[in-house]
Ligand code: ADP
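Residue numbers (the numbering used here): 53 to 290.
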């Protein structure tokens, strides 16, 4: 699903080149649920943005869902983001002036789906995320957990095989965070959706089967749960 080969992201600063990511190699297979952890500023969000085609690497190759991202035009990149990847963010990033239904339908509308198809799909998505009957509400009328579920429904609208989540439980209390993780796990197990999730949260990381740790732009650990090894997942965070 995701092949990252020798990928670096370099920012040219007055003080010289700064490597936000340095020569990273990762292979993530279809259906994996991966947590990306590491200290603040280590490059986690940058990695997620490159995978999602929001940004381009300075060097190296990236292939996501069969698409080689390196040489895409801006237009192709936009289409890739809209159709192949679902994004979920810490602060939900819903449009406040739009209803729940309109927020969920954004990419469907952009892809020129018919009104009837949009309505049907939105109803199904509301059901999938347990928000039936909320379609005409505005984001501000919902709890944080509900807003994140709207964001997940929006991410699922185009039936992507990949969800990229940046601290999806970061603004939620324990209970709502747990509900969101359960929803992500269900999508992963039942729909075989590949999930890459940046998180600081141990509870969130525990939902994943694999953990990648980044430090100073480099992947320093890559562990699968249940693999007999010398470190537990929690231990490898130390
Ligand atoms: P994380 O998600 O792990 O907190 P980021 O991926 O957001 O880290 O950032 C990695 C590093 O790259 C940070 O040191 C950050 O300051 C730097 N960085 C991110 N974007 C830019 C930019 N546009 N220009 C310069 N440095 C940047």
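Note that the Cβ used here is the ideal one computed from N, Cα and C, for glycine as well.
If you're wondering where the values come from, they're calculated on a predicted model, not measured in any experiment.
Specify the secondary structure class of residue i as computed by DSSP and reduced to three states.
i           : result
residue 108 : coil
residue 274 : strand
residue 124 : coil
residue 130 : helix
residue 252 : coil
residue 143 : coil
residue 162 : helix
residue 260 : coil
residue 266 : strand
residue 83  : coil
residue 115 : strand
residue 229 : helix
residue 170 : helix
Can you pull the DSSP bridge partners for residue i?
i           : result
residue 73  : 61
residue 151 : The partner list for residue 151 (beta bridge, DSSP) is empty, contrary to what the question assumes.
Kindly list the residues whose CB is nearer than 6 Å to the CB of residue i, restricted to its own chain and excluding five residues on each side of it in sequence; keep chain order.
i           : result
residue 70  : 63
residue 85  : 240, 247, 260, 261
residue 96  : 88, 90, 250, 266
residue 221 : 229, 232, 253, 256
residue 159 : 134, 209, 210
residue 121 : 105, 114
Below 8 Å CB to CB, which residues in the same chain sit around residue i once its five sequence neighbours on both sides are set aside?
i           : result
residue 286 : Residue confidence is low: residue 286 scores 49 on pLDDT, short of 50, so the model does not pin down where it sits. Its coordinate-derived value is still stated next. Hits under 8 Å: 254.
Quick one: residues in its chain with C-beta nearer than 7 Å to the C-beta of residue i, no 5 flanking neighbours on either side, listed in chain order?
i           : result
residue 223 : 142, 143, 196
residue 268 : 94
Task: Sequence ranges, alpha helix (DSSP H) only - wholly within the region 176 to 224, length at least 4 - done: Runs of the alpha helix (DSSP H) inside the region 176 to 224: 196 to 208.
Task: Any residue whose CB is nearer than 6 Å to a heavy atom belonging to the ligand ADP, listed in chain order - done: 63, 70, 72, 90, 92, 93, 94, 95, 96, 97, 98
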